[in-house]
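Undergrad: Residue numbers (this note's numbering), protein chains in the order written: chain A, 266 to 581; chain B, 1398 to 1832; chain C, 45 to 337; chain D, 897 to 1140.
Idealized CB from N, CA, C, for every residue including glycine.
Below is the structure I would like to discuss, written out as structure tokens.
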Amino acid sequence: MRSRWANKATVLHVGVIAVLFALQFVLPEYHHVNLARVMVLASFAMGYNIAFGYTGLLSLGHAMFFAAGLYAAGLMAQFAGVSAAGGLLLGVAAGLALAAAVGCLALRTTGVSFMIVTLMFAQAAFLATFYFGEYTRGDEGFVIPSHLRHLFGLFLAEPATRYFVALSLFALCLAISFAVARSSMGRVLAAIRENEERTRMLGYNVFLYKLVALTISGAMSGLVGAAYGMLFGYVGATFASIQYSIFPLLWVLMGGAATVLGPFVGTLLMFYLVDISSGFTSANMLIVGLALIGLILFFPKGILGSLRERAAPWLP
Amino acid sequence: MVESVRPKRKQPVSGVTRRKALVGLGGAAVSGVLPGFVRYAQAQSSAPIKIGFQVHRTGIGASYGRWYDRTTKAAALLINESGGINGRPVEIIAEDDGTDPKRGAEVVEKFATQHGADVAFGTLFSHVVIGSAPRAGELKIPYFVVSEGHHVASGMLNRYTLQPGITDVKSQVQSMAPWVAANLGKKVTMIYPDFAFGHDHRDYFSAAMAAQGGEVIGKIAIPPTESSFFKYFPKIPRGTDVLYHVMVGPGVLTFVKEMGEFFGSKRPEIFGFIDSLEAVNINSPGLEFLEGSYFWEGNPRYAQAQSTKFDAFYRAKVGVDATGASVNDPKDISTYAHMFGCWETLHVIKQGMESAGYRGPGDRAKLIEAVESITDMAASQAHPQGAKLFNGKTHQVFGHQYISQVGGGKLNVVHRTAIEDGFYKDEVDYTSQPL
Amino acid sequence: MDFGPYFLLATLEGAVGAAVLALTALGLSLVFGVMRIVNVAHGAFFMLGAIIAWWVADTLGAGPMLSFLAALIISPLAVGAVAVLAERLILRRLNYNPESTIVATIGLLYVIEQVALMTYGPDARPVVAPIDFRVQLPWFGYSGYKLLVIAASIVVMLAVWWGLTRTRIGLMMRATQFDSETARAFAIPVDRVYGGVFAFGAMLAAIGAVLVVPIQQAHYLMGNDPLLLSFIVVIIGGLGSLRGTVLAAVIIGLSDGIISVFFSPTLAKIIATLVVAMILVIRPKGLFGTQSA
Amino acid sequence: MAAMTLLSTENLSKQFGGLRAVDSVSFTFLEGEIRALIGPNGAGKTTFVNLLSGRIPPTEGRVVFAGEDVTRLPAHARVNRGIAYTFQITSVFAGMSAMDNVKLSAQRRLSKGLFGPDPALLERVALSALERVGLAARRDEIAGNLSYGHQRLLEVAMGLGLDPKLLILDEPTQGLSDEEIAVFVTLVKEIAQNASILLIEHNMDVVMGLAHTITVLDRGRILAQGTPDEIRRNEAVRRAYLGK
């Protein structure tokens, strides 16, 4: 029974990647770039999901990990001429290092205290982008010179290349999520989310596991931040603001926390909710707000989370 | 003079590739299902010129957005009433950018690829411009901004981004210094937001003041998200002749009121940028302290004795009375010092398209070249704020600036700078970039 | 300015900030403590309180004092009514699930902000202070109204404290906070207590907003910072400790004022933020916390 | 063969505010024992075992396990050395299957370095633990859906998964029916062949039926210690506890 489930899930996820690959040939230009963007942002949400969904770490500071990657890649491009490949590596390193450092401190707390501590660290990071305005240009931000936005000779602003890179990033993050969800480590993380004390009494160093989860999550966020900068060419303080900490939380909760595909579903839904509603009304936030309330009333565990509960228990 | 070409049949502007055919197929397949997937016909010569208008309807820029919207609609109406562009009507496709750089970029993409807009236009806040410009450049859609930021002329952006309707902050600030030094005092303390915009003021004004033999003796940066300012006033050094303030955001009324409470009757001269008081009635309770202080204005809010007939015409068309308020609601104050930029930019687009013989998106490169070749703009109905000089290399326009004094519940112009006061050395030559 | 007077000024400013913050945070603390939910729309209630205050003052057109007093009564009631509605229609149906509530209150925040934008508009609008009195100190002048805000906030807080400790309703609230199951067993109408607490929390935010609006103007995005600060205060103070909430508001308000004396403004904010984070790292349950989060 | 000392404490104390919950307890526990820890409510039993398992730090004293001073070791490290603790209040992972619950307990010791355990081996070990408590048929059921008695058995299976040297069972029969208790007693006897057992228990039939030695705590101190018969005859114990 288990192994049949495993196969079903594997087929589903490989299938999603295949469909996304195929879609690039049929999508209109506008939705082509939208989907590329959604895949990148969903990768951020998947990174967040590792911490929040699987481990139960409700962070309100993930914008700082995203921004760490974004600024690492952007500033090194701007001031040291580092191009995309280096930028992506720097992004991972920055997200990883910051998450490990923040984790060492913030993971001494739990629950809402953890939420506030991560929020405060992220707020300090946000303010730092202003304080070092000489380099970052604060709120205004800066443009990454386009000659540096090349990855292995491919120009990232080229639509097909951008789509391919976004898809690769998405597939990578999906694979990481899938592996974590399936691994014995994933089982420990889920145990920590359910009952930290009990997990400790099974001999697990809970702090260390949480730190590893947060660090993976931060590294993924940093990678996505760097990729976002390189793919879309802009670095700015907005991406370090509280809003960009709330977005991944919202996307994950919409799609279903601790589901591998939930972050993607949530991100896609929110993107088109904003996009379509702002096409015909300036009251788009009203529609988005009502939609959020309506959805959560009917899908309290998010779309895939509720689906898993009601119809598809095999969803990882 | 204007050549109007009206072919009888639809013809795609560019060749149909396999991918585009597939795209069309896919689009057709889903367009019936999803409202977001409507395929717009390729621009054709009989169809309207589509101008994508990126507008701050929500977010921190919403006050500006509302008036940018009204001004743009009025200008489009006027252009259409007088025959459109190349005989074709102008259609404004407005969409909210949420005053957010990410959404801004998405909106530009939507204009270019979804609506098939000929050009994109509009937005004010610098971070939205800078976030959107790379995408405009990549999609090769001309992007006309009305932002007053120095980002265009600094060379940070690209050949497809232009600012032909409003002077940039570097030029504005620099042209203020001689008058301030000569009339208000040589020792200046600056209070500015700790944003890039504030840093531009700090850096360019300090340099310009030094050139006038003056000195900026205090630089007080206010952090973002601050809502109370009183505690910063003690940092103002003794011996300050002039307090120079530029604030952005809703906190400005607090700022002025607290300044009044702090200084009481013994205040230095005060010179500020009107940006923070755009859309705010100068007679609001709490602003009494501004009586006798000075402001930069991009365009004088209150009609002046020396105002041109062009200004009167423009006011009437946009629906603004002599006090800068909406003719329908005297409490509804316009963003008069900036919004003329939308009006003038649309007229520049018209001028550029007509001289390029613009027929559709295939002529976008020609449009850029045509606008780059514009130099002098005379004061006219198309340029009610005054004459301007456009620099095709830096994509930036230079115009007159106004200094007004608050008196009798009005803003009275006391000085108009010469266009040359705002000149500086070119920092980029966009014409050397490929199209 | 010399150090002494400057310090005094920063302290006064900090105290005003603390006074408003304490009220707003107290509202959040009650909701957080009793219902165990994160109300992201708390800042939106604050904003709503401010713009209704403007609307009341503008519609009445009476003298500043009368308009202000009317706003002080009408605005919290109106905001409380909105909160009751939200609690009935949304939160109750979600069974107060903490995670669902976050999404729902984010949705509520969007709705309230957009409605405010569409009706009230994007501009910042002032309300005239009920008293126009400038206290002239030897070194600088100070707004008499700001001193009044401090006093008013103390009065409201004392009233809340009295209500919670000396009345039957307060007892029911504390019992529910302590253990909602047991409270139910003792025939306490927990559902109604939840509705009441949610409304009362929103009303406290609205009172804070009415007090602040003559200083700060009403604006449709003004709720975000009070929301963040209130959260911080509630957690630093220690979940479930009202005394802690008030003390934390004073500490954070004052330190915001005083740290600004010593550092450049943005650096001061960064330092203050990190200090707060470190307090929680060292004392994860807050300064006065007894309950765990 | 002389029994080895598995666990001992010296002057172990825990102070909560003004209350000395555990007061200078010196205690020796031999390998292979089934020891019952009894005492009236509030005697400090749970606090005492919490000190042994490391869930709370002592105020004074030492804990020595298998010849090593573990006083400063965190709980999870003590578990790794072989002290397993099953909770008084059932706390299986309610959202996971029974199988996953047991796998969690076993996988850490079966893991090598950075890599997880061999899945087949883990499956085998977990299944055998479930078999020993009689839950093999319910391996895929969500733990939260199991009956209370089964959840208690699952707790024990998790303890077995840890393959401990010392298994601390905190009131394992609380809430169980008589039949379930009978099954349980048999199970404990079987487990005791491979591990030492420290049992906190209120049910005197269970205690008398299982324990080799009984330690009686009262007000944080050891009141008496001895075989079941000795304890049954002890006057002080009668007064403090049995005679109520």
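Compile a chain-ordered list of the residues in the segment 438-466 of chain A whose CB is closer than 8 Å to at least one CB of chain D.
TA: The residues in question are S448, S449, M450, R452, V453, A455, A456, E459, N460, E462, R463, T464, R465 and M466.
Undergrad: For P1060(D), does the count of other Cβ atoms within 10 angstroms reach 16, so buried, or fall short, so exposed?
TA: Looking at its Cβ environment, which holds 16 or more other Cβ atoms inside 10 Å, P1060(D) is buried.
Undergrad: Skipping 5 residues on each side, what residues in its chain have a beta carbon closer than 6 Å to that of G1421(B)?
TA: Because G1421(B) sits at a pLDDT of 44, beneath the cut-off of 50, its placement in the model cannot be relied upon, and the following sentence gives the value as read from the coordinates. There are no such residues.
Undergrad: For the beta strand (DSSP E) containing G1749(B), list its first residue and its last residue.
TA: Taken as a continuous stretch (DSSP letters only), G1749(B) belongs to no beta strand (DSSP E), being part of the alpha helix (DSSP H) at Y1733 to A1753.
Undergrad: Is the Cβ of G1433(B) closer than 8 Å to any Cβ of chain A?
TA: Summary for G1433(B): the model assigns pLDDT 41, below 50, so the residue's position carries little reliability; its value from the coordinates is reported in the next sentence. For G1433(B), the answer is yes, since a Cβ of chain A falls inside 8 Å of its Cβ.
Undergrad: Looking at S1731(B): is its Cβ nearer than 8 Å to the Cβ of A1779(B)?
TA: Against a cut-off of 8 Å, the Cβ pair of A1779(B) and S1731(B) comes out as no contact.
Undergrad: With distances taken Cα to Cα, identify the nearest neighbour of A1734(B) among Q1703(B), L1808(B) and N1788(B).
TA: That would be L1808(B), whose Cα lies nearest to the Cα of A1734(B).
Undergrad: Is the shortest distance between the beta-carbon of V500(A) and the beta-carbons of chain C less than 8 Å?
TA: So no, V500(A) is outside the interface.
Undergrad: Helix, strand or coil for P936(D)? Go by DSSP, reduced to three states.
TA: Of the three classes helix, strand and coil, the one that applies to P936(D) here is coil, per DSSP.
Undergrad: Starting from V277(C), follow its DSSP beta bridges and name the residues at the other end.
TA: Paired residues: none, contrary to the question.
Undergrad: Round the Cβ separation of E1824(B) and A1550(B) to the nearest angstrom and send it over; I've been treating them as touching at under 8 Å.
TA: With a Cβ gap of about 6 Å, E1824(B) and A1550(B) count as contacting.
Undergrad: Please check if any C-beta of chain A sits within less than 8 Å of the C-beta of Q1003(D).
TA: Judged by the 8 Å Cβ criterion, Q1003(D) is in contact with chain A.
Undergrad: Return helix, strand or coil for E1076(D), following the three-state DSSP convention.
TA: Looking at E1076(D) - three-state DSSP - the assignment turns out to be helix.
Undergrad: Could you run through the segment 300-322 of chain A and flag, in chain order, every residue whose CB is less than 7 Å away from some CB of chain D?
TA: Residues passing the 7 Å Cβ filter: none.
Undergrad: What would DSSP say about Q1408(B), mapped onto helix, strand or coil?
TA: Residue confidence for Q1408(B) is low, a pLDDT of 40 falling below 50, so the modelled location carries little weight and cannot support an answer.
Undergrad: First and last residue of the beta strand (DSSP E) that includes M1587(B)?
TA: Start and end: K1584 to P1590.
Undergrad: Run through DSSP, which three-state label would T1123(D) get?
TA: In this structure, T1123(D) counts as coil in the three-state DSSP scheme.
Undergrad: Using the C-alpha atoms, what's the distance from S486(A) back to L129(C)?
TA: Going from the Cα of L129(C) to the Cα of S486(A) covers about 38 Å.
Undergrad: Just mark R427(A) as buried or exposed, buried being the case when its beta carbon has 16 or more other beta carbons within 10 Å.
TA: R427(A) should be labelled buried.
Undergrad: Taking the C-alpha atoms as reference points, what is the distance between A345(A) and L1475(B)?
TA: If I take the Cα positions, the gap works out to 50 Å.
Undergrad: Ignore the nearest five residues each way along the sequence and tell me which others in I276(C)'s own chain have a CB closer than 7 Å to its CB.
TA: If we look at I276(C) and ignore the five residues flanking it on each side, its Cβ neighbours are I296 and V320.
Undergrad: What does a CB cutoff of less than 6 Å around I1527(B) pick up in its chain, not counting 5 residues either side in sequence?
TA: Excluding residues within five positions, the ones whose Cβ falls inside 6 Å are H1548.
Undergrad: Going by DSSP, name the residue or residues bridged to D965(D).
TA: For D965(D), which the question treats as bridged, DSSP gives the partners V960(D).
Undergrad: Where does I1110(D) fall in DSSP's three states?
TA: Three-state result, I1110(D): strand.
Undergrad: Can you pull the chain B neighbours of K313(C), defined as C-beta to C-beta under 7 Å?
TA: What K313(C) touches in chain B: P1620.
Undergrad: I need the DSSP call for F1450(B), collapsed to helix, strand or coil.
TA: Strand, per DSSP.
Undergrad: For A63(C) and I194(C), which I take to be in contact (beta-carbon distance under 8 Å), what is that distance rounded to the nearest angstrom?
TA: About 5 Å; that satisfies the 8 Å criterion.
Undergrad: In angstroms, rounded to a whole number, what distance separates the CA positions of P1634(B) and P424(A)?
TA: Taking the straight line from one Cα to the other gives about 54 Å.
Undergrad: Using only alpha-carbon positions, find the residue among L1095(D), G1105(D), V1133(D) and N1099(D) that is nearest to V1112(D).
TA: Ranking L1095(D), G1105(D), V1133(D) and N1099(D) by Cα distance to V1112(D) puts V1133(D) first.
Undergrad: Could you list which residues in chain B have their beta carbon closer than 8 Å to that of T503(A), in chain order?
TA: Here the neighbours are D1497, P1498, K1499, H1524 and G1528.
Undergrad: What's the C-alpha gap between V1487(B) and K1747(B)?
TA: V1487(B) and K1747(B): Cα-Cα distance of roughly 9 Å.
Undergrad: L557(A) touches chain C at which residues, Cβ-Cβ below 8 Å?
TA: Those within 8 Å of L557(A) in chain C are V147, A148, I150, G151 and Y154.
Undergrad: DSSP on F512(A), reduced to helix/strand/coil?
TA: In the structure shown, F512(A) sits in a helix (DSSP, three-state: H, G or I).
Undergrad: Using a Cβ-Cβ cut-off of 7 Å (strictly less than) and excluding sequence neighbours within five positions of V500(A), which residues of its own chain qualify?
TA: Here the set comprises L335, Y336, G339, G406, F407, I409 and G494.
Undergrad: Which residues does DSSP list as the beta-bridge partners of Y474(A)?
TA: Paired residue(s): none; Y474(A) is not in a bridge.
Undergrad: Do the segment 915-928 of chain D and the segment 1112-1122 of chain D meet, that is, are 3 or more Cβ pairs less than 8 Å apart?
TA: As far as the Cβ criterion goes, the segment 915-928 of chain D touches the segment 1112-1122 of chain D, which means the pair count is three or higher.
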